[in-house]
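Before any comments, here is the structure.
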Amino acid sequence: MAKNKIYLVIPAYEPDHKLIELVKEAYQTHLFDIIVINDGSNHEYDSIFDKVSKYATVLTYSTNKGKGIALKTAYRYISTLDAGIIVTADSDGQHHIDDIINICDYSVKHPDTLVLGKRTFKGHVPLKSCLGNTITRYVFYITNNQKIYDTQTGLRAFSSDYLDFMLKVDGNRFEYEMNVLVNWSHMRPIVEIPIQTIYFNNNQSTHFRPLQDGYLIYKDLLKFGGSSFLSFIIDYSLYTLFIMILSISMDARIILANTIARIMSASFNYTMNRRFVFNSHENILKSSIQYFILALAIYFFSTTLITFIYHMTHMNLLIIKLFVDTSLFICSYTIQLKIKQESPPQVKLKFFYFL
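Quick note on numbering: the sequence shown equals residues 0 to 354 in numbering that gives the first Met the number 0.
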């Protein structure tokens, strides 16, 4: 590992003495070029950064901009230097120097991999930290079909070959690190290496804001879920209405009711996802054709299965509709995630159809 340039990046906002201890310890290994970002800390913390500057390059700006901006500031600086491996660590003493070295060592041997330090969350772990990571873990798996145990770890390593990629990822604050995982998971492998779980004083030094930063992390999922739920309400309500008011044969009633409901709900779903959820600037003709093909396939299977099950069982048509569309939702979601996972980075399905 000594033959490779290793950059240790530490974003810091109003840190305590643990930052000095970490930087000094890293400096004494003679393995790292250390870069600390002063993310707009109050002037009362100047003495800490003065001591840190004896061992590291300190990049400073006057106002707090968030962890994502701090990391990107360091990445832009490193892009002007020699190639190597970049490892990020938190400033609050959560990461032991031995774990940092192990993460770097793995990254040197696997330069195409994003390496994460995986905490076990055993022992005396603050409830909000354990709960937050558990929720995010399952959200990430549901939306990306990939299991990552510690999605919120700040100890990460990657090759400087991916600096351009890292600078293009959206996000200014804590959501940036989640966005990195989402985007990287479609491109290259992600590997987790077990590390120690260290918390001081019940993690009171963290600057994570549960409501504001939680919203930034989950906002796209919340908007997407809301769009899908409203689309379902439109679809099921119109289907129910026309099943009840039409005075035609049962087969014709099913076809007409499901057709009208699907056209209206799919149009709403596509428009909402394009304009408000994904804010897509992709060619509208291309994306609408892709979406239409998927929606048409689901409509065909939905109508066929509802009709078939009704003739076989004579169950209530509203119950059949719920059963069929729920089953199709699961199948559609699984297939789309599989395509999304196996596609190259530039090929991504942007308009999931969840009806």
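Ideal Cβ positions, reconstructed from N, Cα and C, are used throughout, including at glycine. Since this is a predicted model, take the numbers as computed values, not measurements.
- Proximal residues to Asn3 (C-beta, below 8 Å), its chain only, five neighbours per side dropped: Gly83, Ile84, Val107
- Task: Could you tell me the distance, in whole angstroms, from the CA atom of Phe31 to the CA atom of Leu154?
- Result: 15 Å
- Item | Residues bridged to Asp32 (per DSSP) | Tyr6
- Query: In three-state terms, what does DSSP make of Arg356?
  - Reply: With the chain running from 0 to 354 in the structure shown, residue 356 is simply not present.
- Message: In whole angstroms, give me the CA-to-CA distance for Ala88 and Gln27.
- Response: 17 Å
- Task: Could you spell out the range, first to last residue, of the alpha helix (DSSP H) harbouring Arg118?
- Result: Segment: none, Arg118 is in no alpha helix (DSSP H) and carries neither H nor E.
- Message: Which residue marks the beginning of the beta strand (DSSP E) containing Leu154, and which one marks its end?
- Response: Note, Leu154: premise wrong, no beta strand (DSSP E); not H, not E.
- Identify every residue that forms a DSSP beta bridge with Asp38. Tyr60
- Item | Cys330 classed as buried or exposed, judged by whether at least 16 other C-beta atoms fall within 10 angstroms | exposed
- Query: When the Cα atoms are used, what is the spatial distance from Phe300 to Leu21?
  - Reply: 59 Å
- Task: Tell me whether Ala11 sits in a helix, a strand or coil according to DSSP, three-state version.
- Result: strand
- Does the beta-carbon distance from Gly67 to Arg172 come in below 8 Å? yes
- Query: How should Phe157 be labelled, buried or exposed, when 16 other C-beta atoms within 10 angstroms of its C-beta is the threshold for buried?
  - Reply: buried
- Which of helix, strand or coil DSSP assigns to Asn201: With a pLDDT of 49 at Asn201, under the threshold of 50, the modelled position of that residue is not reliable, and the figure given next carries that caveat. Three-state result, Asn201: helix.
- Message: Extract the residue ranges of the alpha helix (DSSP H) inside the region 54–111, only unbroken runs of 4 or more that lie entirely within it.
- Response: 66–77, 96–108
- Item | Cα-Cα separation between Asp250 and Asn315, rounded to whole angstroms | 14 Å
- Message: Quick check on the DSSP output: the alpha helix (DSSP H) that includes Ile254 runs from which residue to which?
- Response: 249–271
- Message: Considering only their Cβ atoms, is the gap separating Pro188 from Asp111 smaller than 8 Å?
- Response: yes
- Message: Using C-beta distances below 7 Å, list every residue in its chain close to Thr306, excluding the 5 sequence neighbours before and after it, in chain order.
- Response: Asp250, Ile253
- Message: Once the 5 residues before and after Tyr148 are set aside, which same chain residues still bring their CB inside 7 Å of it?
- Response: Lys117, Arg136, Glu191
- If we call anything under 8 Å between Cβ atoms a contact, is Tyr175 one with Leu70? yes
- Does DSSP put Ile147 in a helix, a strand or coil? coil
- Item | Alpha carbon of Ile134 to alpha carbon of Tyr74, nearest angstrom | 29 Å
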